[in-house]
Amino acid sequence: MAATSAAAGLLGRQLKQMKTDKDIPGISCGLVDSNVFEWEVMLMISDDCKYYGGGFFRARLSFPPEYPLLPPKMKFETPMWHPNIYHPSGEVCISILHPPEEDKYGYESAAERWSPVQTPETILLSVISMLSSPNDESPANVDAAKEWRDDPKAFRRRCRKIVRESLGED
Numbered sequence: 007m008a009a010t011s012a013a014a015g016l017l018g019r020q021l022k023q024m025k026t027d028k029d030i031p032g033i034s035c036g037l038v039d040s041n042v043f044e045w046e047v048m049l050m051i052s053d054d055c056k057y058y059g060g061g062f063f064r065a066r067l068s069f070p071p072e073y074p075l076l077p078p079k080m081k082f083e084t085p086m087w088h089p090n091i092y093h094p095s096g097e098v099c100i101s102i103l104h105p106p107e108e109d110k111y112g113y114e115s116a117a118e119r120w121s122p123v124q125t126p127e128t129i130l131l132s133v134i135s136m137l138s139s140p141n142d143e144s145p146a147n148v149d150a151a152k153e154w155r156d157d158p159k160a161f162r163r164r165c166r167k168i169v170r171e172s173l174g175e176d
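Okay, here's the thing in C-alpha cells:
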C-alpha cells in the first residue's frame with residue numbers, strides 16, 4: 007500500500023508539473039475519472055512532423071501501482087497506422103515503455119528500456135519522436151512497417167487520412 011501511495015503522490019506531482027510547464031507544446035494531460043493512475047493524453051502534432059503533422063491524437067497512459075519501478079502502458083484511442091503501434095488495439099511499442107529486464111531477443115539494450123528516471127513527459131516526447139521516425143527493425147504492426155519501407159507514398163497517404171479523421175474532416 008505504501009508503494010501505491012508513493013506512486014500516486016509522484017504521479018500527482020508529475021501531472022501538475024506537466025500542466026504548468028510551458029516548454030512542452032502540443033501535449034495536454036488530465037486524469038480519467040479522478041484516477042491518478044489513468045491519464046488521458048492529447049497529442050497535438052506540429053506541422054513539421056512528416057507523417058502525422060497537424061493531427062490531434064487521443065491516448066491513454068495507464069500506470070502500474072509499482073510506478074516508477076515499472077513503466078506505464080500507452081494506448082492510442084485515435085485509430086493509428088504506424089510500425090510501432092499495434093493495430094487495431096493502439097498499444098504503443100517503444101523501448102522506453104519496456105520493463106527494465108534484458109531483452110531476450112537482442113533488439114534493445116538495457117539503457118534503451120524503462121528506468122525510474124523516466125517521466126510521463128519523457129515518454130510522450132519519445133512517442134512524438136517515434137511518430138516522426140518509425141523503427142521498422144522490430145515492428146508491432148508488420149503491415150505498416152512493410153508499407154513504410156516498400157511504398158512510402160501509400161504510407162504517407164494513409165497517415166494523412168488518419169490526420170484528417172483526427173480533425174473530424176473525414
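So the sequence shown is numbered by the numbering used here: it starts at 7 and just counts up by one. C-beta: ideal position from N, C-alpha, C; glycine also. Computed from a predicted model, the values in this text were never measured in an experiment.
When the options are compared against residue i, the one with the closest alpha-carbon
i, options, result
"Asp142", "Leu173, Ile91, Arg163 and Ile134", "Ile91"
"Ser172", "Ala14, Glu127 and Met48", "Met48"
"Ala65", "His104, Pro78 and Ser144", "Pro78"
"Leu103", "Leu75, Asp157 and Glu175", "Leu75"
"Phe69", "Pro158, Ile129 and Asp156", "Ile129"
"Thr10", "Pro85, Pro31, Pro71 and Asp27", "Pro71"
Sub-8 Å separation of residue i and residue j beta-carbons
i, j, result
"Trp87", "Cys165", "yes"
"Ile51", "Gly61", "yes"
"Met80", "Val42", "no"
"Ser73", "Val169", "Sequence check: residue 73 is Tyr here, not Ser. Going by C-beta atoms, Tyr73 is not nearer than 8 Å to Val169."
Chain-order list of residues whose beta-carbon lies under 7 Å from that of residue i (same chain, five-residue window excluded)
i, result
"Pro6", "Any property of residue 6 remains undetermined from this structure, which presents the chain solely from 7 to 176."
"Glu83", "Arg64, Ala65, Arg66 and Gly96"
"Trp154", "Pro89, Pro140, Asp142 and Phe161"
"Met136", "Asn90 and Ile100"
Residue interval of the alpha helix (DSSP H) (run including residue i)
i, result
"Glu107", "Run containing Glu107: none; DSSP gives neither H nor E here."
"Trp154", "Val148 to Asp156"
"Leu137", "Pro126 to Ser138"
Unbroken beta strand (DSSP E) run spanning residue i, endpoints
i, result
"Val38", "Ile33 to Val38"
"Leu49", "Asn41 to Met50"
Neighbourhood of residue i by C-beta, 8 Å cutoff - its chain only, sequence neighbours within 5 removed
i, result
"Gly18", "Val42"
"Lys56", "Ser138 and Arg162"
"Asn147", "Trp87, His88, Pro89, Asn90, Ile91, Tyr92 and His93"
"Gln20", "Thr125, Pro126 and Glu127"
"Val38", "Glu44, Trp45, Glu46 and Arg66"
Close beta carbons around residue i, own chain, < 6 Å, minus the five adjacent residues each side
i, result
"Ala14", "Val42"
"Cys99", "Asn90 and Ala146"
"Asp149", "none"
Report the residue ranges of all beta strand (DSSP E) runs contained in full by the segment 66 to 106; include only those spanning at least 3 residues, in chain order.
79 to 82
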